[in-house]
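In this note's numbering, the protein residues as written are 271 to 658. Where is the CB? At the ideal position from N, CA and C, for every residue including glycine. As the structure is a computational prediction, the values presented were derived from the model and not from experiment. Below you'll find the structure, written out as structure tokens, and then a few comments.
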């Protein structure tokens with residue numbers, strides 16, 4: 271029989287057992303580093319012998335099954351097998367000729383620590399801003415935390431991600447977008463004036479030197495590709511771990527190096543700048559483009575992790591009794607998750623209460639009030655040296 275009963279319905283003698291399991295409900299793990307990416311790709315069809323297929327006139331045939339669906343990836347070899355290889359980025363004279371950007375971006379993600387990636391491929395003749403927006407709208411249905419589109423220009427990326435971030439947050443999905451950019455130092459003030467104020471956006475520069483497997487040579491990549499490397503780094507870090515001063519393991523050289531004064535202006539202008547130091551590209555300071563409370567990337571990511579955990583702990587209680595016993599169990603479920611965040615040093619401490627007035631009970635509301643204190647990182651060390 272069911273593990274519940276109503277006392278008013280007891281007619282036949284026997285033992286009736288009600289199991290109240292709310293006290294065992296706890297939040298599971300929440301993701302914080304899953305990457306969502308959209309880009310152009312093309313894969314050759316294979317014949318029955320496993321060789322590249324051609325039509326009757328000898329023209330190559332391509333596999334259209336790679337389009338229109340989301341693929342979950344955990345390594346670069348799988349990415350190549352699913353989407354094919356990329357073409358050379360530049361020709362012998364240095365002109366940009368590459369048109370297949372998804373797999374190149376995935377290479378940078380995995381070289382810099384990326385783990386789980388949700389990827390959607392676009393054909394090269396259907397890669398407009400609207401096509402990217404539609405593809406990212408599909409990615410929102412998956413468990414992603416960081417979004418990038420390295421082949422889009424800064425202007426197009428901001429146009430796609432601005433509405434996407436807002437819509438996702440309104441739907442209860444918390445994302446961070448990483449956009450790469452190139453800086454013309456003769457127009458630095460103009461560049462900084464165009465930096466948006468968005469607590470879910472990271473703008474990073476400069477471009478990086480990457481290995482082009484299509485030509486077996488290093489190639490200068492524009493700043494837009496830096497987004498893939500930075501996203502890979504963020505994916506490898508726990509929410510409370512700052513990217514400040516962290517090396518990007520897959521980046522050894524930068525296309526552009528800034529002076530101290532230029533770096534100071536860029537960082538002060540809310541740009542995540544990379545510098546070339548100790549044999550690798552490093553993040554100078556891990557910041558978003560926000561001018562308010564979420565300047566630090568870690569503050570944004572810790573808050574998002576807390577929101578995700580509270581949602582996950584709370585949702586099993588929807589539809590259950592709104593009384594003191596169940597609200598106490600709800601509090602315990604949320605507290606268990608926040609305790610884990612304290613143990614992980616993502617939070618310093620928190621306070622939590624779950625209440626409901628009689629009017630709240632009638633309206634079906636349980637009120638949760640939580641005050642959390644996120645952990646911050648050391649960005650500056652001020653030393654006073656006294657000589658005697």
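Tell whether a beta-carbon distance below 8 Å holds between residue 658 and residue 572.
-> With contacts defined as CB atoms closer than 8 Å, residue 658 and residue 572 fail to qualify as a contacting pair.
What alpha helix (DSSP H) runs, 4 residues minimum, are completely inside the stretch 316-382?
-> Fully enclosed alpha helix (DSSP H) runs of 4 or longer: 346-353, 372-381.
Consult DSSP for residue 513 and reduce its assignment to one of helix, strand or coil.
-> Note: residue 513 maps to coil in three-state DSSP.
Using three-state DSSP, classify residue 603 as helix, strand or coil.
-> In this structure, residue 603 counts as helix in the three-state DSSP scheme.
Using a Cβ cut-off of 8 Å (strictly closer), state whether residue 377 contacts chain B.
-> Any reference to chain B falls outside this structure, which holds one protein chain only.
By DSSP, does residue 277 sit in helix, in strand, or in coil?
-> In this structure, residue 277 counts as helix in the three-state DSSP scheme.
Taking the continuous alpha helix (DSSP H) assigned at residue 493, which residues delimit it?
-> Segment 493-506, the alpha helix (DSSP H) holding residue 493.
Taking buried to mean at least 16 other C-beta atoms within 10 Å of its own C-beta, is residue 279 buried or exposed?
-> Burial call: exposed.
Give the straight-line distance between the Cα atoms of residue 294 and residue 277, rounded to the nearest whole angstrom.
-> Straight-line Cα distance between these residues: approximately 24 Å.
Helix or strand or just coil, what does DSSP make of residue 487?
-> If DSSP states are grouped into helix, strand and coil, residue 487 belongs with the strands.
State yes or no: is the C-beta of residue 608 within less than 8 Å of the C-beta of residue 600?
-> No. Outside cutoff.
When the Cα atoms are used, what is the spatial distance from residue 578 to residue 642?
-> Approximately 14 Å between the Cα atoms of the pair.
Apart from the five residues just before and just after residue 380, which ones in its own chain have a Cβ nearer than 6 Å to its Cβ?
-> Contacts found: 346.
Relative to the C-alpha of residue 614, which residue among 462, 299, 291, 288 is closest?
-> With distances taken between CA atoms, residue 614 lies nearest to 299 out of 462, 299, 291, 288.
Could you check what DSSP says for residue 384 in three-state terms: helix, strand or coil?
-> Residue 384 falls in the coil class under three-state DSSP.
So residue 545 packs on residue 533, CB below 8 Å; how close in whole Å?
-> Right, their Cβ atoms sit about 7 Å apart.
Residue 378 vs residue 484 beta-carbon contact at 8 Å | With contacts defined as CB atoms closer than 8 Å, residue 378 and residue 484 fail to qualify as a contacting pair.
Kindly list the residues whose CB is nearer than 7 Å to the CB of residue 353, restricted to its own chain and excluding five residues on each side of it in sequence; keep chain order.
-> Result list for residue 353: 311, 313, 336, 372, 373, 391, in chain order.
Per DSSP, cross-strand counterpart(s) of residue 551 = DSSP output for residue 551 lists 518, 546 as bridge partner(s).
Just curious, the alpha helix (DSSP H) that residue 530 is in, first and last residue?
-> Its alpha helix (DSSP H) spans residues 530-538.
Rounded separation between residue 285 and residue 274 - CA only = The alpha-carbon atoms of residue 285 and residue 274 are separated by roughly 12 Å.
Would you tell me roughly how many angstroms separate the C-alpha atoms of residue 517 and residue 558, rounded to the nearest one?
-> Near 18 Å, if we compare the C-alpha coordinates of residue 558 and residue 517.
CB-CB under 7 Å to residue 514, same chain, minus the five flanking residues each way: which ones, in chain order?
-> Correct list, in chain order: 553, 555, 556, 647, 649.
Note the first and the last residue of the continuous alpha helix (DSSP H) segment covering residue 433.
-> Note, residue 433: alpha helix (DSSP H), 424-440.
If you count every other CB in all the chains shown that lies within 10 Å of the CB of residue 421, and 16 or more means buried, which is it?
-> When all chains shown are included, residue 421 counts as buried.
Nearest-angstrom Cβ-Cβ length linking residue 539 and residue 383, presumed shorter than 8 Å = Not really, about 26 Å apart at Cβ, beyond 8 Å.
What are the boundary residues of the beta strand (DSSP E) that residue 623 is part of?
-> Per DSSP, residue 623 belongs to the beta strand (DSSP E) from 617-625.
In chain order, what residues of the same chain lie with their CB nearer than 6 Å to the CB of residue 438, ignoring the 5 residues before and after it?
-> Same-chain partners within the cutoff: 410, 445.
Pull up the CB-CB distance for residue 305 and residue 414, whole angstroms please, since I reckon it's below 8 Å.
-> The pair is a contact, with the Cβ atoms about 7 Å apart (cut-off 8 Å).
CA-CA distance, residue 476 and residue 582?
-> Near 38 Å, if we compare the C-alpha coordinates of residue 582 and residue 476.
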